[in-house]
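Novice: Residue numbers (the working numbering), protein chains in the order written: chain A, 1 to 275; chain B, 1001 to 1275; chain C, 2001 to 2275; chain D, 3001 to 3275; chain E, 4001 to 4275; chain F, 5001 to 5275. Glycine is no exception: its CB is placed at the ideal position from the N, C-alpha and C atoms. Since the model is a prediction, treat every value here as computed from it, not as a measurement.
1) Given this structure, state the Cα-to-Cα distance separating residue 2034 of chain C from residue 2082 of chain C, to the nearest angstrom.
2) Sort out for me which residues DSSP pairs residue 1212 of chain B with in a bridge.
3) Which residue from E:4051, E:4235, E:4132 puts its Cα closest to that of residue 4096 of chain E?
4) Kindly indicate which residue of C:2043, C:2222, C:2207, C:2046 has the alpha-carbon position closest to the one of residue 2213 of chain C.
5) Leaving aside the five residues before and after residue 247 of chain A along the sequence, list all residues of the same chain whose C-beta is less than 7 Å from its C-beta, in chain order.
6) Which of helix, strand or coil does DSSP assign to residue 63 of chain A?
7) Contact criterion: CB-CB distance below 8 Å. Does residue 4040 of chain E meet it with respect to chain F?
8) Based on the DSSP output, what are the partners of residue 3080 of chain D in its beta bridges?
9) Determine whether the beta carbon atoms of residue 1211 of chain B and residue 1234 of chain B lie at a separation below 8 Å.
10) Mind checking residue 1260 of chain B: buried by the 16 CB within 10 Å criterion, or exposed?
11) Does the stretch 1025-1039 of chain B come close enough to the stretch 192-205 of chain A to have 3 or more Cβ pairs within less than 8 Å?
12) Is residue 2238 of chain C close to chain G, meaning its C-beta is less than 8 Å from at least one C-beta of that chain?
13) From residue 3126 of chain D to residue 5267 of chain F, what distance separates their C-alpha atoms?
14) So is residue 4216 of chain E buried or exposed if we call it buried at 16+ other beta carbons inside 10 Å?
15) Nearest to residue 3274 of chain D by CA position, among D:3014, D:3027, D:3017, D:3021, is which residue?
16) Can you tell me whether residue 3265 of chain D is buried or exposed, with buried defined as 16 or more other CB within 10 angstroms of its CB?
17) How would you list, in chain order, the residues of chain E whose beta-carbon sits under 9 Å from the beta-carbon of residue 2017 of chain C?
18) Going residue by residue through the stretch 1151-1196 of chain B, where are the continuous beta strand (DSSP E) segments of at least 3 residues, counting only ones entirely within it?
19) Could you check what DSSP says for residue 2115 of chain C in three-state terms: helix, strand or coil?
20) Kindly indicate which three-state DSSP category residue 72 of chain A falls into: helix, strand or coil?
21) Would you say residue 3208 of chain D lies against chain E (beta-carbon separation less than 8 Å)?
22) Residues in its own chain within less than 7 Å of residue 75 of chain A by CB, not counting five upstream and five downstream?
23) Would you report the Cα separation of residue 1187 of chain B and residue 1204 of chain B, rounded to the nearest angstrom?
24) Going by the beta-carbon positions, is the gap between residue 4066 of chain E and residue 4078 of chain E smaller than 8 Å?
25) For the alpha helix (DSSP H) that residue 5143 of chain F lies in, which residues bound it at each end?
26) Provide the residue span of the beta strand (DSSP E) that contains residue 4255 of chain E, from first to last.
27) On the CB-based measure, 16 or more other CB atoms within 10 Å of its CB, does residue 4232 of chain E come out buried or exposed?
28) When burial is assigned at 16 or more other CB atoms within 10 Å of the CB, is residue 180 of chain A buried or exposed?
29) I'd like to check one pair, residue 3200 of chain D with residue 4185 of chain E: are the Cβ atoms closer than 8 Å?
30) In three-state terms, what does DSSP make of residue 4055 of chain E?
31) In chain D, which residues lie with their C-beta within 9 Å of the C-beta of residue 2083 of chain C?
32) What does the alpha-carbon distance come out to for the pair residue 2025 of chain C and residue 4149 of chain E?
33) Taking Cβ positions only, does residue 5231 of chain F come closer than 8 Å to chain E?
34) Using the three-state DSSP reduction, which class does residue 2149 of chain C fall into: helix, strand or coil?
35) Alpha carbons only, please: which of E:4070, E:4101, E:4249 is nearest the one belonging to residue 4269 of chain E?
36) Short of 6 Å in beta carbon distance, which residues of its chain neighbour residue 92 of chain A, apart from the five on each side in sequence? Order them along the chain.
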């Protein structure tokens, strides 16, 4: 589902058979100017979605983004300005803000994680723990915040997790099964929970190993064992307090579901004045 | 957009042309049992959505909810059990959890707000600051947490906000304009920011007054002035620390966008075992 | 479903894999001028839909509305002119007329009702007895004819009818149940069929009372009892012959399903000439 | 668009995010019985659509049609009975009736036309003047009333009308153009307005001739000239008063837009009782 | 489903959440020029679809068709040129070619059939053996190649095949049943497999007779018997080797499923250069 | 787009507002038995799609597949049997066959390719040269024929082709750019046309190298140079005559667009008998 469709559905959800309040109070010919004002510091993501909201409500609205995707902003900064029929600005306001505040929230939280480890080799990556239906936007927000994307979905990556491994009969067997039938364009990632399994993973020829819920000591040993041969990803217990220590173990990737499932919205208001 | 459609889109987003990992490692005939296990305390909302996820991936999966919508749970509680083809359980897992964790998060946060003011007359209500596309689910989660719903959207309520009032030429004029053309089944709510505007609102015959960003003292005066004649709703600066004091001013309703735009996901895991 | 989607479906229904007759007989480069000519007097509603029909078939067609929504017209009046490729005009003709004739019919019939009671205080309102799928257009046609809209649908108004009341155990109980859980932005309307029930409705604090199928005498008594305290709506047996007497009883609203379920199409023809 | 989709859209239009009144007043476990009662005589069409309405709202509702498509009914007759959760019966009621009343209205009106000419050779046929989006249902209602269907749409029939003929340079040229490119499975019908054009149509090898707005005398002459060689269809000025005279001229077909664009709804009520 | 929708689905299928390769390697501001170069001779069909592909990916791409629908081309010919952002050209390339190569293949194969019988009276017609979902495009490609279209689908033609005849009790009965209820605008075609059935078909007043799998001798006799009275269509065993002999028997139409179900794609490449 | 949706669209395309012939000739209560009979040898793919066609037209039809996906069949073999209402069997017939014949054709052609190289190490893989909209089915048919799938689309694989390389400034630069930003789960494939470029590809750390249009001698040298270090894929000029020689050079993969863009339909008929 593309952005245009996402916006169309969100507008239908919020406007439905009509914005009654605006219809009753705003004269048809009146123009207005709407300013997106940051009430909280953050990182820009999703102004392009806000723009699409106004465009769908009324193609005559002019939208000017004053900040770029991924740019940091402070309280009081103006992020964008929309000009056009006042009624259209009012009817699109809430949906545009609902998208923008959430995406800026994800970008800002990702940025915080990234900042904590900026002097290490590790990269912050997202997960599939995204809002149902909004993944393409939320993964873009992670990139805007300086993070990297893990696989997008179940169809574009192979990640053998505990359940797959248990059924296959072990790490080696699971990797072998995957290799036998996988499209040759996909790497094979396997989750391990201890160093013995890591040994199996290395021996089986996995391309990437997910180190799940390991202690810092285990992570260090894992890096010593496999860091030069495969890509190592740490997950579990990752938060702003722990991420730096994890990164310093030498793992290549650190994945955190919180980037998308628990980011708070950034407070942004739309100030509309008649022209 | 009904629940069935929401789930279909979320599954299409996550599974797309196929869950490659599962296809490569899980035998077609193998059955499994999946247990939804709470890793954090919370309040149930959305097990019916999780059930629909499994049903759409595979109608032969049996889903049993062990907790009811709105019921509180503790760490370690089992919320539901699904039984059926192991491959189907694995393919539906992430989407089911993505819905459930978010909705339980909203219900839990709402529950906290409601608990803080349980000995007052005030009710907690939500806003239109919901995730685009998921409003029907998120408003249900607010109810599960003990909150009440404000208008669903722009089409089923009249709320004259600062911009509408400015254009109409004042509170009285805005209420008059609304009353002249509104469907007779809708009440008219108007936002005011000071006591003088409240006076105008009362005089104009508004049915509900939204007291925006007022101090506790102002709220108390507002209640003294209008509490017996109209419904009073407080908004702005509402959080877990402030909500009790606000409620004690005697307002009837307290609305909080945070219920839906900033609730963290509740950690719930799906433990799958082969049968 | 927005107007654009309604028109797209109607065109798909009528044109499908192609307008064979036009393809076989109208040269690609030929331009034409199409005039909407009234063959019957009426009230304009839906020229904006007709315009959308031409626009979707061919964006190069120029459409000029000569009359405004809600304007009365006589036999022989020209309502609009469309200019562009002759083949496009021909392919869009029937669908544009099918919408326009129906909507003008509803507007004209509403106008007749409204005219009969223009010297009373009563307003004519519509019902949910609309053509499935076309409600948004038909309710707009009612407004074009001078009528007012009742609730749009089941989601934006509370109307306790006989069945709800019977189940709840009486008028008082039904109103109480509704008040306990309803969004605070919606008024509560309750249907009564005699004066005793009206008394209950008044006592229970209903906001609006629907007086169903009452005699003129009953309506007068109802107005005497409750007219100053609640809004009163008469329904049942409303037609062009009875509406004036009903209005003169002093009720505030008169609802008539016939406005939308039994209006005849107004005869309008499209006269196309090659340019 | 199939029936299932039409019903889904109509229900979404009317129920949207929820039937609030029913949710507030009808207990979840209560069952009911709903009887479709004719308040006016008519002809059955569309009980299958009403059934689909209940089925989509709640698959556990049992629906029993007591009359068949095309069967006449009198005031007081019971047409169908639905049994199931009372809340489901109430939520589906209006949409089911909106479909049924309209379709029975079309069937009844068609039946009246057909009755007037039952001792002639002529058949009553419909037109493309149907409600946008509901053509498949309305054409079925015409059949239920004893009428026949003309072409369904622009894609399954060739009908050269005045504008096509004018552009092509005359009746003969238009028919020749059509014959040159038409799929060999379609007949060619041409509209004429006088006997000279009829002569051209006969000479050009048209399969069907539409006699538009001719007087009874002209129709008789037309039948004398062409009745044995081509199919003759009369249109224009067809109503219940004129149809018999037109039929007696010997034309094969009489088409009337009024069947679908101006039929009044038949009054049918749904009486629901708790079980 | 219109062309715009077909292209949208095809692009969604191929691009999904993003053209990763292009995003990683093609700078945002770079422009390019893409030339459609024929690597094989053929007949043009579908450049309008290719244009729509580019337009949907990026409305700023300029597309110029250098050949017309139905025009023959040789190896090395340039069919069209597209200019615009290089990334957009690359992302649309494969889908545009997938449509174009298939449609040119159908047009070219049809053209070969048509050429073989150009000095006879017979016409080549297609069948319903088209690619699911692409019928409107493939039938247009047949016309581009000089062929004619048979009925588009089950809804716009009556063709009584062996199974229908068997059930009806014979050719005469089947034709009679069809004539009794068919819309008067459709001809009636009936399939026969021998001359006795042909006799029945002629006697029953069928409009068209499909001669299925007859020998050349049978076809000649069939033409002698019925050629002057009904339209005769030969089918079965039609290929480039046999078509000329079949045409010379004097049948009016020859239908071949191979036109659409077994045409090979024409090799066309897109050569993109940076500007 | 899932299989259910693909089938729904194909049925809508072919049946539209109704299968007129069947409606006119097949009695409602009659049952039949339909046998899928192979008129040509082939390999089964798509019986599950045929089953879905019958199921959607009429859920009461019983469908029994007698052969499995991927199983070879001979002339005269029965592939499946469907039993149910004769009218439903007839209405679904053509769409079911259109899917099945195409998919069996792809499986059969793939099987031929695979057979030619069964004693080598090479695998046959498909391309993105599939029918727009049917890729998921056609890629499954390739697997049924014994082939392997290349990336599904632009979103799940990185393939640097000539144009990407030219823009990036060479093979090394292109691979470096891809590696810098690619999701860590995807391998990087790069196309080369000569051995010098292959050298660059190897040096740059590409995971897979596509050897485009190389002679057998070049392919052998390529294998000697890189076969032990990267995966090598040959493409260009691949047909049933050349594939064996190409495979014997030692390449790992051979890709052929012809598998999907130029496979002929396998002749399968549906023989329906009344029960």
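Specialist: The short version:
1) 5 Å
2) B:1235
3) E:4051
4) C:2222
5) 117, 120, 122, 254
6) strand
7) no
8) D:3036, D:3065
9) yes
10) buried
11) no
12) Note that chain G does not occur in the displayed structure, where the protein chains are A, B, C, D, E and F.
13) 42 Å
14) exposed
15) D:3027
16) buried
17) 4135, 4136, 4139, 4152, 4153, 4156
18) 1158-1160, 1188-1192
19) helix
20) strand
21) yes
22) 38, 39, 40, 41
23) 13 Å
24) yes
25) 5135-5144
26) 4253-4255
27) buried
28) exposed
29) no
30) helix
31) The contacting residues do not exist; residue 2083 of chain C stays about 14 Å from chain D at best.
32) 17 Å
33) no
34) coil
35) E:4101
36) 53, 54, 57
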